[in-house]
Each structure stands twice: as structure tokens, then as C-alpha cells.
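Chains as they are written, first to last, in this note's numbering: chain A, 11 to 122; chain B, 400 to 509.
Just so it is clear, CB atoms sit at the ideal spot from N, CA and C, and this is done for glycine as well.
Note that the coordinates shown come from a computational prediction; the quantities given were computed from them, not determined experimentally.
To start, the structure itself, in C-alpha cells.
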Amino acid sequence: KAGVTQTPRYLIKTRGQQVTLSCSPISGHRSVSWYQQTPGQGLQFLFEYFSETQRNKGNFPGRFSGRQFSNSRSEMNVSTLELGDSALYLCASSRENGQPQHFGDGTRLSIL
Amino acid sequence: EDQVTQSPEALRLQEGESSSLNCSYTVSGLRGLFWYRQDPGKGPEFLFTLYSAGEEKEKERLKATLTKKESFLHITAPKPEDSATYLCAVQVPRGTALIFGKGTTLSVSS
Numbered sequence: 011k012a013g014v015t016q017t018p019r020y021l022i023k024t025r026g027q028q029v030t031l032s033c034s035p036i037s038g039h040r041s042v043s044w045y046q047q048t049p050g051q052g053l054q055f056l057f058e059y060f061s062e063t064q065r066n067k068g069n070f071p072g073r074f075s076g077r078q079f080s081n082s083r084s085e086m087n088v089s090t091l092e093l094g095d096s097a098l099y100l101c102a103s104s105r106e107n108g109q110p111q112h113f114g115d116g117t118r119l120s121i122l
Numbered sequence: 400e401d402q403v404t405q406s407p408e409a410l411r412l413q414e415g416e417s418s419s420l421n422c423s424y425t426v427s428g429l430r431g432l433f434w435y436r437q438d439p440g441k442g443p444e445f446l447f448t449l450y451s452a453g454e455e456k457e458k459e460r461l462k463a464t465l466t467k468k469e470s471f472l473h474i475t476a477p478k479p480e481d482s483a484t485y486l487c488a489v490q491v492p493r494g495t496a497l498i499f500g501k502g503t504t505l506s507v508s509s
């Protein structure tokens, strides 16, 4: 059974640019969540989508946005990149409430 | 505010030396407490879900327990391949999103 797939694995951008990251969930999973992981702050929740609707949102600025498509695939976008946005961005999918989330291996974003 | 705190931040063990990792939490209505293992360069790998105080789950050398305020991950006779960062998380009141602790990095030497 295929796991959560994130593309690209690595990305290098410069300040002020924007970036789009992609996530394909496990087949049959309708909930997709995004997290930012940094050495100082650990794993922090960005947002969650279920059936193409944003269901939860973490405490991040409006530069961070996302969407989910009808096939449950999801994208997140970060505009006007800042140095502090350098992080590992993780996507996770789950079947429904109360069920564990399963993670992809992330996209490593570096801002120069 | 929902919060998860893990201790210690780092733990070094000799192969075969058993120990426990702690996860304390404050949450308005626990819907699930989750343990994950994360290896360098990889995403977190799901280990256990605990839903109510008194519940226990086991997998190989790992055993997770839950009380009303904390959870423990007991590691019995660890091996070097158990070296990883162990993450604890609680589920938010609505939806499936998780609030994570900062993790315990375990190093097991032979």
C-alpha cells in the first residue's frame, strides 16, 4: 500500500519568492494536514483539509495557504518567503477523526 | 491552551538498559494521544494511539501507557536500532490535527 507522497523532496528559494508544495495522501484518506518542523519549535500544525474544506488552522501568517482537490491531493503555498520559513514541511493523511495520521517524508525548504 | 511537554529532551542508554520517556499534556477533552518515532531525514512513523486513562499498548520492546495527565513510553532492553526521536501528540478538539511535544532523542549504544 503506497504511503503519503510529498514532492519535491528538496527546494531552494530566495527571499520574496513564493513556493508550492504537493502532497498525495494514502488512498482512501480524506483528511490531509500540514506541519512545519524546525529544530527550535519542533512540529507545528499549519492547517487541515477535509473534503476540500479547511477544517482547522494553526497560528501562522496569511502567507501560508493551502487547498485540497476532489481526489484528496493537497497543495500548500507560501508567498513572500522569509529566511525563517526554512524548515521541513510535512504532510499527513488520515481516514477520519480519532484515527492516526500517517506522514510523508517531507519537503526540505531552504531560503537563501 | 492545549499543550504537550516531553522529557527528557535527550536520553543516552546502553544496549539492554531499560528506561521510560515521559509525555505530560493539558488538553480540553482528550480525543487521543499518539506516539510516533522519527528517524533523521524521515517523516514521523506512527507507533501507538491511546484513548483513555489506564490503557496500555505494546509493540516489540515498546510499551505505551496513559494516565489522566501523562503518558509513558517504556523501552525494555533497547537495541541500537531503537535510536530515534520519539514524539508524543494529542488530537485537537475538532478534526484530526495533532499538537506535538518537542520530542525525546534516544541514543542506544552497543
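Per DSSP, the beta bridge partners of ILE474(B) are SER418(B), LEU461(B). The region 42-59 of chain A and the region 93-107 of chain A touch, with three or more beta-carbon pairs separated by less than 8 Å. Counting every other CB atom within 10 Å of its CB across the protein chains shown gives GLY442(B) a total of 16 or more, marking it as buried. By the beta-carbon neighbour count (other beta carbons within 10 angstroms, threshold 16), GLY72(A) is exposed. Between ARG436(B) and LEU420(B), the C-beta gap is not smaller than 8 Å, which leaves the two residues out of contact. LEU91(A) sits in coil when the DSSP states are folded into three classes, being neither helix nor strand. Boundaries of the beta strand (DSSP E) around VAL29(A): 29-34.
Going by DSSP, GLN405(B) is part of the beta strand (DSSP E) stretching over 402-406. Beta-bridge analysis with DSSP links THR48(A) to GLY52(A). Close to chain B, meaning a Cβ-Cβ distance shorter than 7 Å, are the following residues of the region 66-89 of chain A: ASN66. Here DSSP, grouped into helix, strand and coil, assigns GLU85(A) to strand. Secondary structure at GLU106(A): coil, using DSSP grouped into helix, strand and coil. Listed in chain order, the non-local C-beta contacts of SER482(B) below 7 Å within the same chain comprise LEU505, SER506, VAL507, local neighbours out to five positions each way being set aside.
Excluding the 5 residues flanking it on each side, THR48(A) has same chain C-beta neighbours closer than 7 Å at ALA97, in chain order.
When DSSP states are grouped into helix, strand and coil, GLU480(B) belongs to the helix group. At least one beta carbon of chain B lies nearer than 8 Å to the beta carbon of LEU100(A). Residue contact check for LYS462(B) against chain A: no CB pair falls below 8 Å.
For GLN27(A), there are no C-beta contacts with chain B under 9 Å, since the nearest C-beta of that chain is about 24 Å from it.
The bridge partners DSSP lists for VAL426(B) come to none. Annotation for ARG77(A): the continuous beta strand (DSSP E) segment containing it runs 74-78. Between PRO477(B) and GLU469(B), the alpha-carbon positions lie close to 22 Å from each other.
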